[in-house]
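Undergrad: These protein sequences, in sequence, are chains A and B. Here the first sequence stands for residues 0 to 138, where the numbers follow numbering that gives the first Met the number 0. Here the second sequence stands for residues 0 to 138, where the numbers follow numbering that gives the first Met the number 0.
There are 2 protein chains.
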Amino acid sequence: MTIGDAAKASGVNAKLIRYYESIGLIPEAGRTASGYRVYSPSDVNVLRFVKRARTLGFSIERIQILVGLWQDRSRSSAEVKRVALDHVAELEAKIAELRAMSDTLTHLAHACHGDERPDCPILRDLEEGGGHCCDEPPP
Amino acid sequence: MTIGDAAKASGVNAKLIRYYESIGLIPEAGRTASGYRVYSPSDVNVLRFVKRARTLGFSIERIQILVGLWQDRSRSSAEVKRVALDHVAELEAKIAELRAMSDTLTHLAHACHGDERPDCPILRDLEEGGGHCCDEPPP
DNA sequence: CTTGACCTTCCAATCATTGGAAGCCTTATC
DNA sequence: GATAAGGCTTCCAATGATTGGAAGGTCAAG
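Have a look at this one:
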């Protein structure tokens with residue numbers, strides 16, 4: 000299999016496969032006499048694993064660990080679970096951050112007339128740093 | 000005020016202030032005879048506006064627009080509201096994406112014993128692409 | 001033999017921020 | 001007046017993951 004075949008079979012872009020190799024996430028592929036990279040079905044499995052892990056938002060760094068555990072027959076599921084739960088904790092933290100942003104803005108937008116007049120609570124919030132509420136103007 | 004003073008007063012790092020200037024988000028600061036940047040309290044207001052907008056997750060591109068509207072006395076609040084709601088829509092899309100990741104992983108982690116044995120539903124999901132559930136193994 | 005589709009490497013851009021290096025300016029102290 | 005500390009200047013580079021392009025080599029079919 001060439002890199003293009005592996006890309007189709009795994010769903011990982013050929014360019015990305017080369018990148019993953021360059022950073023050491025996947026081992027260096029074998030080469031034909033003319034220098035083309037060669038892939039086996041087992042290489043494709045690794046690529047699919049990586050792709051699925053990326054879909055779940057794992058960082059490349061954590062995927063390195065997961066691939067290592069995956070290929071380690073003496074792993075404990077506790078190790079895998081810890082990596083996953085660490086990631087879940089980061090996801091939840093990010094969600095909470097975005098949730099707070101969205102709620103604040105939704106609130107401000109709700110208070111904004113949205114007409115042709117220039118007066119706007121959104122701009123007032125940005126101006127004043129968000130340290131107050133529309134019903135409680137700063138002293 | 001020097002850039003360091005403006006940084007303290009606005010909460011925006013001096014390095015970041017230079018960056019914002021370089022990309023045209025804020026106008027070029029005046030200079031002393033020796034080349035130091037000079038800032039006025041009104042410049043600090045702009046920096047605070049930018050900082051608050053970044054805290055709410057607005058992209059630099061949208062902040063450009065917001066600053067323009069802020070300083071345009073003939074703006075309509077509808078324009079501001081539209082920019083804000085576009086951003087809210089992006090935030091909600093991102094939240095939904097992260098929520099799906101987190102829920103999937105939480106489910107998988109729940110099904111994982113987390114003990115010293117190697118068997119692990121998390122790794123099985125990554126291996127098989129998540130196209131099935133623990134109770135419904137693939138045919 | 002030519003065309004087109006593939007492969008190779010290298011370099012650059014994205015987004016927002018941070019870091020460092022090398023060198024100049026200002027202020028305080030001796 | 002010399003010197004040291006600390007702030008300022010510019011330029012270059014790195015982050016994370018991915019994508020884009022350019023320039024050139026290789027393979028298969030027509």
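Even glycine gets a Cβ: it sits at the ideal position worked out from N, Cα and C.
1) Which one or two residues does DSSP pair with A/G29 in a beta bridge?
2) Indicate whether at least one CB of chain A lies closer than 9 Å to the CB of B/G56.
3) Given A/A5, which residues of its chain have a CB within under 7 Å of its CB, disregarding the five upstream and five downstream residues?
4) What residue range is occupied by the uninterrupted alpha helix (DSSP H) comprising B/Q63?
5) Count the other C-beta atoms from every protein chain shown that fall within 10 angstroms of the C-beta of B/K80, then say buried if there are 16 or more, exposed otherwise.
6) What did DSSP end up calling B/D114 once you bin it into helix, strand or coil?
7) How long is the line joining the alpha carbons of A/S58 and A/I22, rounded to whole angstroms?
8) Have a look at A/L65, A/E60, A/K50 and A/E78 and flag the residue whose alpha-carbon is nearest the alpha-carbon of B/G113.
9) Looking at B/M100 and A/L84, is the spacing between their C-beta atoms short of 9 Å?
10) List the whole-angstrom C-beta distance separating A/P147 from B/S73, where the pair is believed to meet the contact cut-off of C-beta under 8 Å.
11) Considering Cα atoms alone, identify which of B/E60, B/A52, B/R30 and B/G56 is closest to A/K93.
12) Scan the segment 98-122 of chain B for residues whose Cβ lies nearer than 8 Å to a Cβ of chain A and list them as they occur along the chain.
13) Run down chain A in chain order and give the residues with a C-beta less than 7 Å from the C-beta of B/G29.
TA: The structure says:
1) For the purposes of this step, residue 29 of chain A is identified with residue 30 of the first sequence, where counting begins at 1. A/V37.
2) Walking along the second sequence from the start, residue 56 of chain B turns up at place 57. Yes, contact with chain A.
3) Stepping through the first sequence from its first residue, residue 5 of chain A is reached at position 6. Once the five neighbours on either side are set aside, the close Cβ partners of A/A5 are I16, Y38, D42, V43 and L46.
4) For the purposes of this step, residue 63 of chain B is identified with residue 64 of the second sequence, where counting begins at 1. Here the alpha helix (DSSP H) through B/Q63 covers I59 to W69.
5) Along the second sequence, read from residue 1 onward, the residue named residue 80 of chain B stands at position 81. With 16 or more Cβ atoms within 10 Å of its Cβ, B/K80 is classed as buried.
6) Locating residue 114 of chain B in the second sequence gives position 115, where the first residue counts as 1. Coil at B/D114, not helix or strand.
7) What you label residue 58 of chain A is simply residue 59 of the first sequence in a count that begins at 1. What you label residue 22 of chain A is simply residue 23 of the first sequence in a count that begins at 1. Near 13 Å, if we compare the C-alpha coordinates of A/I22 and A/S58.
8) As a working mapping, residue 113 of chain B is identified with position 114 in the second sequence. Comparing Cα positions, the closest option is A/E78.
9) Counting from one through the first sequence, the residue named residue 84 of chain A turns up at place 85. Counting from one through the second sequence, the residue named residue 100 of chain B turns up at place 101. No, Cβ-Cβ distance for A/L84 and B/M100 is not below 9 Å.
10) Chain A is shown only over 0 to 138; residue 147 of chain A falls outside these bounds and no answer can be derived.
11) On the first sequence, residue 93 of chain A is found 94 positions in, with the first residue counted as 1. Of B/E60, B/A52, B/R30 and B/G56, the residue nearest in Cα terms is B/G56.
12) R98, M100, S101, T103, L104, T105, L107, A108, C111, H112, G113, D114, E115, R116, P117, D118, C119, I121 and L122
13) Position 30 of the second sequence holds residue 29 of chain B. Result: empty, since nearest Cβ-Cβ is about 23 Å, beyond 7 Å.
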